[in-house]
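> Here it is, the structure in full.
There are 2 protein chains.
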Amino acid sequence: MSAILSLPETDPATNARRPAKLHAILAAAADLFMAEGYAAVSMDAVAKRAGVSKATLYAHMPSKEALFGEVVARRCSAMADEMDRVAVHDQPLPQAMRGLARFWLGFVLSPSSIGVYRTVIAEGARFPDLARAFFDAGPARGLAHIRGWLAEEQRRGRLRADLDPGRAAAQFAALVRGELFTRVVLGITPDPTDAEIEAGVDAAVDVLLRAWAVTERPMTGGPAGPEV
Amino acid sequence: MSAILSLPETDPATNARRPAKLHAILAAAADLFMAEGYAAVSMDAVAKRAGVSKATLYAHMPSKEALFGEVVARRCSAMADEMDRVAVHDQPLPQAMRGLARFWLGFVLSPSSIGVYRTVIAEGARFPDLARAFFDAGPARGLAHIRGWLAEEQRRGRLRADLDPGRAAAQFAALVRGELFTRVVLGITPDPTDAEIEAGVDAAVDVLLRAWAVTERPMTGGPAGPEV
DNA sequence: GTCTATATTTAGATAGAC
DNA sequence: GTCTATCTAAATATAGAC
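These protein sequence lines map, in sequence, to chains A and B. Under the working numbering, the residue at position 198 of the first sequence is numbered 198, and the numbers go up by one with no gaps. Quick note: to get the working numbering, add 1000 to the position in the second sequence (first position is 1).
Here it is as structure tokens:
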């Protein structure tokens, strides 16, 4: 396993054609941009943290904007890859829905997700294309995933058939994310405990099941429907 | 009515002791900071937009940080003032809840709210105190307001008595805000239509009423409760 | 490819006249 | 209080040696 991930820094023949330093640069840039935003990070700081000179940095990346774009693009790609990994239908509905909610909440609260979100929001005015790319790779992809799960549960007759899966997926995402997401993004609750996360998941799933689960004896004329 | 709001720019006696230019400075700074963030806005740009010289700007504000803090503080104050204006209980529950949801969603989607939110998120790492102040003046105050409304509805017997008002308020806020908020913040849907807003309100209220409204014949042993 | 040293621009903040 | 002109520091980007 002469892994492609741990190449020597310099190739004797070609004198460092391998992108070892590029990795260092991108890692350093990601750390700094995610933590401090675009404008506050200097190319000097990136070079210093990556352990290279500024000239080397500019040999790999044509500009600060390009570097930032590359960092965000890679984060989005990683997010999208991780997204398609959970789909549970082989449990009773409450447990299955809790599993999906737990995965989703853990994902959006991860430091990586929070970091990209904050950065993209911050620089959205200057880099509208990045905001779009982030939305497609993150929220939109997550919503599509949830929508598929909901549709499958409808097909199995465990969720109400009259739900619009797209609208329901948006509600699922928003409710599960909850206020905890706002507090984490603002740094009010930087490190939520597992208990907080679990409580949020349980509370959200409780509401959604009450509203969406198929009842044995269907509610007829209940007071809940938006009459008028 | 020699209004205090429309004073002449210069007082003949004291030679402009009145803060007419301060208002211009704060307005210009608010526009720029909300649109482009802290680091991207130069003091030159603020002075130019305000129609004053940089020296005048520094005569009113000791530093860029202080100017930014003042801008955000005033926004937060305005938000807090506007928050305590809606509390409807004299309608049937669906209409009353829709009214509250409509007010809340309109408020968080307003350009002013979105601007502060984006700015505070962007600079939260550098100005943690501002993030806290924003949270207290905005989200926390809104949650308290919603919590009070929910508690009153519980007292009237129209919402389930076993709800935790604090938790429920957080869910109300998150669900009503919905995915539309994310899209607006990211600039994907910069100007949501009234129809989109109304659809979001109706869908959220529908879910919440199904989950929370007191039913004539209480649900016993329904399939919704999270039974392990 | 990589480094040191530097050119060029821009931004935050101030001195001194009126 | 307000302005013009300027100082100083820092940031983006590059030239030239190895």
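Glycine included, every Cβ here is placed at the ideal spot set by N, Cα and C.
Looking at residue 1147 (chain B): is its Cβ nearer than 8 Å to the Cβ of residue 1166 (chain B)?
Working through the second sequence from its first residue, we reach residue 1147 (chain B) at position 147. Working through the second sequence from its first residue, we reach residue 1166 (chain B) at position 166. In contact: residue 1147 (chain B) and residue 1166 (chain B) (Cβ atoms closer than 8 Å).
> Shortest alpha-carbon distance to residue 193 (chain A) belongs to which of A:137, A:110, A:138 and A:173?
Counting from one through the first sequence, the residue named residue 193 (chain A) turns up at place 193. Minimum Cα distance to residue 193 (chain A) is reached at A:110.
> Could you tell me whether the Cβ of residue 1007 (chain B) comes closer than 8 Å to any Cβ of chain A?
What you label residue 1007 (chain B) is simply residue 7 of the second sequence in a count that begins at 1. Unreliable positioning characterises residue 1007 (chain B) in this predicted model, as indicated by a pLDDT of 34, which lies under 50. The coordinate reading is nonetheless provided below. By this cut-off, residue 1007 (chain B) is not an interface position.
> So for residue 159 (chain A), helix, strand or coil by DSSP?
In the first sequence, the residue the question calls residue 159 (chain A) occupies position 159. Residue 159 (chain A): strand per DSSP, three-state reduction.
> Under the three-state reduction of DSSP, which class applies to residue 1125 (chain B): helix, strand or coil?
Taking the second sequence and counting its residues from 1, the one referred to as residue 1125 (chain B) is at position 125. The answer is coil: DSSP assigns residue 1125 (chain B) none of H, G, I, E or B.
> Can you give me the Cβ contacts of residue 24 (chain A) inside the same chain, cut-off strictly under 8 Å, excluding the 5 residues immediately before and after it?
Here residue 24 (chain A) refers to the residue found at position 24 when the first sequence is read from its first residue. Excluding positions up to five away in sequence, the list reads 50, 51 and 52.
> Please report how far the alpha carbon of residue 134 (chain A) lies from the alpha carbon of residue 1170 (chain B), in whole angstroms.
Along the first sequence, read from residue 1 onward, the residue named residue 134 (chain A) stands at position 134. Along the second sequence, read from residue 1 onward, the residue named residue 1170 (chain B) stands at position 170. If I take the Cα positions, the gap works out to 26 Å.
> Would you decide whether residue 1139 (chain B) is buried or exposed? Buried here means 16 or more other CB atoms lie within 10 Å of its CB.
Position 139 of the second sequence holds residue 1139 (chain B). Label assigned to residue 1139 (chain B): buried.
> For the alpha helix (DSSP H) that residue 1063 (chain B) lies in, which residues bound it at each end?
On the second sequence, residue 1063 (chain B) is found 63 positions in, with the first residue counted as 1. Per DSSP, residue 1063 (chain B) lies in no alpha helix (DSSP H) and is assigned neither H nor E.
> Less than 8 Å between the C-beta atoms of residue 26 (chain A) and residue 72 (chain A), yes or no?
The residue given as residue 26 (chain A) occupies position 26 in the first sequence. The residue given as residue 72 (chain A) occupies position 72 in the first sequence. Contact flag unset, no.
> State buried or exposed for residue 19 (chain A), treating a residue as buried only when at least 16 other CB atoms are found within 10 Å of its CB.
Against the first sequence, residue 19 (chain A) aligns to sequence position 19. Classification for residue 19 (chain A): exposed.
> Kindly provide the ranges of any alpha helix (DSSP H) runs that are 4 or more residues long and lie completely inside the stretch 1063-1107 of chain B, ordered along the chain.
Correct list: 1064-1083.
> Against chain A, with Cβ distances strictly below 8 Å, would residue 1203 (chain B) count as a contact?
By 1-based counting over the second sequence, the position of residue 1203 (chain B) is 203. Cβ-Cβ to chain A under 8 Å: yes for residue 1203 (chain B).
> Measure how close the beta-carbons of residue 205 (chain A) and residue 101 (chain A) come, nearest whole angstrom, since I'm counting them as under 8 Å.
Looking up residue 205 (chain A) in the first sequence gives position 205. Looking up residue 101 (chain A) in the first sequence gives position 101. Right, the Cβ-Cβ distance comes to about 5 Å (below 8 Å), so this counts as a contact.
> Using the DSSP secondary-structure output, state which residues sit across from residue 47 (chain A) in a beta bridge.
Your numbering for residue 47 (chain A) matches position 47 in the first sequence. In DSSP, residue 47 (chain A) forms no bridge with anything.
> What's the C-alpha gap between residue 1215 (chain B) and residue 189 (chain A)?
Here residue 1215 (chain B) corresponds to residue number 215 of the second sequence, with the count starting at 1. Here residue 189 (chain A) corresponds to residue number 189 of the first sequence, with the count starting at 1. Distance between the alpha carbons of residue 1215 (chain B) and residue 189 (chain A): 36 Å.
> Per DSSP, residue 1213 (chain B) forms a beta bridge with which residues?
By one-based count along the second sequence, residue 1213 (chain B) stands at place 213. Partner residues in the beta bridge of residue 1213 (chain B), as assigned by DSSP, are B:1159.
> Tell me, please, whether the CB atom of residue 1131 (chain B) is closer than 8 Å to any CB atom in chain A?
Here residue 1131 (chain B) corresponds to residue number 131 of the second sequence, with the count starting at 1. It does: the Cβ of residue 1131 (chain B) has a partner Cβ on chain A nearer than 8 Å.
> Whose C-alpha, out of B:1186, B:1164 and B:1195, is nearest the C-alpha of residue 207 (chain A)?
Position 207 of the first sequence, counted from the start, is the residue given in the question as residue 207 (chain A). By alpha-carbon distance to residue 207 (chain A), the top candidate from B:1186, B:1164 and B:1195 is B:1164.
> For the stretch 77-93 of chain A against the stretch 118-127 of chain A, do three or more pairs of beta-carbon atoms, one drawn from each stretch, fall closer than 8 Å, so that the two count as touching?
no
> Quick check on residue 111 (chain A) - is its C-beta less than 8 Å from some C-beta in chain B?
Counting from one through the first sequence, the residue named residue 111 (chain A) turns up at place 111. No, no contact with chain B.
> Using three-state DSSP, classify residue 1119 (chain B) as helix, strand or coil.
Here residue 1119 (chain B) corresponds to residue number 119 of the second sequence, with the count starting at 1. If DSSP states are grouped into helix, strand and coil, residue 1119 (chain B) belongs with the helices.
> Counting only beta-carbon separations shorter than 8 Å, does residue 1161 (chain B) have a partner in chain A?
The count along the second sequence starts at 1 and reaches residue 1161 (chain B) at position 161. It does not: the Cβ of residue 1161 (chain B) has no partner Cβ on chain A nearer than 8 Å.
> Quick one: which chain B residues come within Cβ less than 7 Å of residue 135 (chain A)?
Your numbering for residue 135 (chain A) matches position 135 in the first sequence. Residues of chain B passing the Cβ test: 1186 and 1188.
> Measuring from the CB of residue 1143 (chain B), is there a heavy atom of the ligand ZN at a distance below 7 Å?
No copy of the ligand ZN occurs in the structure displayed, which carries no ligand at all.
> Determine the DSSP secondary structure at residue 41 (chain A), reduced to helix, strand or coil.
The residue labelled residue 41 (chain A) in the question sits at position 41 within the first sequence. Three-state DSSP puts residue 41 (chain A) in coil, outside helix and strand.
> Compute the beta-carbon to beta-carbon distance between residue 77 (chain A) and residue 30 (chain A), rounded to the nearest angstrom, for a pair I have assumed lies under 8 Å.
For the purposes of this step, residue 77 (chain A) is taken as residue 77 along the first sequence, with counting starting at 1. For the purposes of this step, residue 30 (chain A) is taken as residue 30 along the first sequence, with counting starting at 1. So it is not a contact: roughly 12 Å between Cβ atoms.
> Report yes if the C-beta distance between residue 174 (chain A) and residue 1178 (chain B) is below 8 Å; otherwise report no.
Locating residue 174 (chain A) in the first sequence gives position 174, counting from the first residue. Locating residue 1178 (chain B) in the second sequence gives position 178, counting from the first residue. Cβ atoms of residue 174 (chain A) and residue 1178 (chain B): closer than 8 Å.
> Quick check on residue 1113 (chain B): buried or exposed, where buried means 16 or more other Cβ atoms within 10 Å of its Cβ?
Locating residue 1113 (chain B) in the second sequence gives position 113, where the first residue counts as 1. With 16 or more other Cβ atoms within 10 Å, it is buried.
> Can you give me the C-alpha to C-alpha distance between residue 154 (chain A) and residue 117 (chain A), rounded to a whole angstrom?
As a working mapping, residue 154 (chain A) is identified with position 154 in the first sequence. As a working mapping, residue 117 (chain A) is identified with position 117 in the first sequence. Cα to Cα, residue 154 (chain A) sits roughly 31 Å from residue 117 (chain A).
> I want to verify the contact list: residues of chain A whose CB lies under 9 Å from the CB of residue 1091 (chain B), in sequence order.
If you number the second sequence from 1, residue 1091 (chain B) lands on position 91. What residue 1091 (chain B) touches in chain A: nothing, since even the nearest Cβ is about 11 Å away.
> Listed from N- to C-terminal order along the chain, which residues in the stretch 53-80 of chain A have their beta-carbon within a distance smaller than 7 Å of any beta-carbon of chain B?
none
> Comparing the C-beta of residue 179 (chain A) with each C-beta of chain B, is any distance below 8 Å?
Your numbering for residue 179 (chain A) matches position 179 in the first sequence. True, the Cβ-Cβ gap to chain B drops below 8 Å.
> Chain A partners of residue 1174 (chain B), CB-CB under 7 Å?
Position 174 of the second sequence holds residue 1174 (chain B). Going along chain A in sequence order, the residues near residue 1174 (chain B) (Cβ under 7 Å) are 174, 175, 177, 178 and 179.
> Residue 156 (chain A): buried (16+ other C-beta within 10 angstroms of its C-beta) or exposed?
Here residue 156 (chain A) is taken as the residue at index 156 of the first sequence, counted from 1. Classification of residue 156 (chain A): exposed, given that the 10 Å Cβ count is below 16.
> Would you grab the beta carbon distance between residue 210 (chain A) and residue 1211 (chain B) for me? Rounded to a whole angstrom, and I think it's under 8 Å.
Within the first sequence, numbered from 1, the residue matching residue 210 (chain A) stands at position 210. Within the second sequence, numbered from 1, the residue matching residue 1211 (chain B) stands at position 211. Contact flag correct, Cβ pair sits at about 4 Å.
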